[in-house]
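Beneath this line is the structure, given in structure tokens, with notes to follow.
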Amino acid sequence: MSDQLPEVSDEPTVVTVTVNGKKQRALAEPRMLLSDFVRHGLGLTGTHVGCEHGVCGACSIRVDGEVVRSCLMLAVQVDGCTIETIEGMAKGDSLHPIQQAFQEEHGLQCGFCTPAMVLTTQRLLEESPKPSEGEIREYLSGNICRCTGYQGIVASVQCAARKIADQEAQQS
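Residue numbering for the sequence shown follows this note's numbering, starting at 296 and increasing by one per position.
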């Protein structure tokens with residue numbers, strides 16, 4: 296039995312991901328953070344980096360449907376995964392109902408936390424289509440906003456829930 300650890304390469308690795316429905320490949324250093332990979336490797340700058348410790352939530356994106364802090368993951372960990380970022384929400388010039396709601400209800404100010412708030416809201420509404428105010432506040436508690444008092448954000452989520460329900464009712 297050998298006491299030596301396996302050798303780890305410092306060479307860049309090709310990471311293949313499906314991002315917002317499109318398969319992409321890019322090089323990533325072994326220790327490159329997912330947030331840096333998304334921003335610099337893929338050119339999707341809507342993912343913001345705040346604290347770089349996983350506390351503020353500004354870097355949140357979706358990996359295989361789950362909301363994750365991209366500053367706490369390595370790019371090589373998502374090889375073969377599906378990633379969703381804010382850039383994939385709108386369809387052409389048409390905003391997603393969640394984006395419309397944030398605009399209408401003034402759920403954003405400087406916009407720094409907004410991409411992560413919108414993606415987190417999307418996941419919340421998938422899990423709970425009609426969340427209470429308490430559920431909304433609890434679910435979004437991992438996303439820090441330094442500009443608003445959160446009332447506009449809560450109102451935005453409630454508005455988004457109504458918009459999505461109306462949209463689904465029209466499609467039925």
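For every residue, glycine included, the Cβ atom is placed at its ideal position computed from N, Cα and C. Being a predicted model, the structure only gives us computed values, none of them experimental.
Can you tell me whether DSSP reads residue i as helix, strand or coil?
i, result
"residue 446", "helix"
"residue 425", "coil"
"residue 320", "strand"
"residue 403", "coil"
"residue 328", "strand"
Measure the alpha-carbon distance for residue i versus residue j and round it to whole angstroms.
i, j, result
"residue 431", "residue 439", "13 Å"
"residue 414", "residue 302", "38 Å"
"residue 366", "residue 342", "10 Å"
"residue 393", "residue 452", "7 Å"
"residue 401", "residue 442", "11 Å"
"residue 328", "residue 467", "42 Å"
"residue 307", "residue 390", "36 Å"
"residue 418", "residue 354", "15 Å"
"residue 429", "residue 298", "53 Å"
"residue 333", "residue 434", "24 Å"
"residue 399", "residue 368", "33 Å"
"residue 422", "residue 356", "16 Å"
"residue 347", "residue 316", "27 Å"
"residue 404", "residue 339", "21 Å"
Have a look at the options and flag the residue whose alpha-carbon is nearest the alpha-carbon of residue i.
i, options, result
"residue 424", "443, 463, 391", "463"
"residue 447", "361, 397, 467", "397"
"residue 420", "455, 411, 445", "455"
"residue 359", "443, 379, 331", "379"
"residue 474", "337, 348, 326", "Since the first and last residues shown for the chain are 296 and 467, residue 474 lies out of range."
"residue 323", "331, 459, 434", "331"
"residue 312", "377, 410, 403", "377"
"residue 460", "445, 434, 387, 426", "426"
"residue 411", "347, 334, 363, 348", "363"
Rounded C-beta distance between residue i and residue j? I'm assuming under 8 Å.
i, j, result
"residue 385", "residue 310", "At roughly 25 Å, the Cβ-Cβ gap does not stay under 8 Å, so residue 385 and residue 310 are not in contact."
"residue 458", "residue 395", "6 Å"
"residue 352", "residue 437", "5 Å"
- Query: Which parts of the region 339-398 are runs of the beta strand (DSSP E), unbroken and 3 residues or longer, counting only runs that do not cross its ends?
  - Reply: 355-358, 361-364, 377-379, all fully within the region 339-398.
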